[in-house]
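What follows is a short report on a single structure.
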Amino acid sequence: MAISETNYTNINAQLQPKGVTLVAVSKTKPAADIAALYALGQRDFGENYVQELTEKQPVLPADIRWHFIGHLQSNKVKYIAPFVYMIHGVDSLKLLQEINKQAAKNQRTIACLLQVHVAQEETKFGMDAVGLAALIEAYRSNKAQYANVLVKGIMGMASFTDDQQVVKSEFAAIRRLFTTAQASLNDTAFDTISMGMSGDYALAIEAGSTMVRIGSLLFGTR
Ligand SMILES: *Cc1c(COP(=O)(O)O)cnc(C)c1O
């Protein structure tokens, strides 16, 4: 399946005036498709699976910023720590500590987003407001121990539904969690709200998203 240059151009035209970053989600798609989008200027790519990412990374240009957007098990951090740019799914202190440890081993700093759960759908992943506040406080009060991670913001997903009101209110809830976390951290580096996918990115941007993760509109259905 070829990439859609038309969609890429249209999406960029919507994002660029607002300064929203596009992460092109390339999971399950071949390296050739990533190279094609790279040739159009795209540099941020998102992957969900550790093994797939570690296979693609060495065969693609070194200046790609790789975003890990899937669920990451602590014991797999070491495989992506040498090169990953940002990890979106941090939902426990244990995972943040392991990312810090593996980043230090590689003499790197890895950007992290804290994953929150606001959607109606049941999922094991993402923190509620209480869990988020606890993680933020543990990080804030002990920053010297986290010298190799940079906590940049929040990541979240809305429900898969055609009901725009539900999606809107969930994005608004993610934004409120971000604002609260930002106030308690008081850190200008904490500036990223990663929300919005192919089906709902326009609503996400209206709600204040600064980073969208778009796959199927660019690479075709999976
Ligand atoms: C797959 C995926 C996306 C992209 O989804 P599309 O609907 O194809 O745009 C975005 N975020 C996460 C976390 C994903 O797993």
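Using our numbering, the first residue of the sequence shown is number 42, and each one after it goes up by one.
Ideal Cβ positions, reconstructed from N, Cα and C, are used throughout, including at glycine.
Remember, predicted model here, so these are calculated numbers, not experimental data.
Annotation: residue 90 to residue 113 spans about 8 Å, alpha carbon to alpha carbon.
Exclusion of residue 189 from the 7 Å shell around ligand 1 follows from its C-beta lying no nearer than that to any non-hydrogen atom of the ligand.
Counting only residues of its own chain and dropping the five nearest sequence neighbours on each side, residue 192 has a CB closer than 7 Å to the CB of 153, 155, 180, 231. About 13 Å separates the beta carbon of residue 101 from that of residue 85, a gap too long to meet the 8 Å contact definition. Taking all protein chains shown into account, residue 216 has 16 or more neighbouring C-beta atoms within 10 Å of its C-beta and is therefore buried. At least one heavy atom of ligand 1 is found less than 7 Å from the C-beta of residue 254.
Residue 246 is not a Cβ neighbour of residue 219, given a cutoff of 8 Å. Here residue 262 carries a coil assignment [DSSP, helix/strand/coil].
Proximity to residue 145 across 124, 158, 159 peaks at 124, based on C-alpha coordinates.
For residue 237, the closest C-alpha among the options 254, 221, 226, 227 is that of 254. Of the heavy atoms belonging to ligand 1, at least one sits nearer than 7 Å to the Cβ of residue 258.
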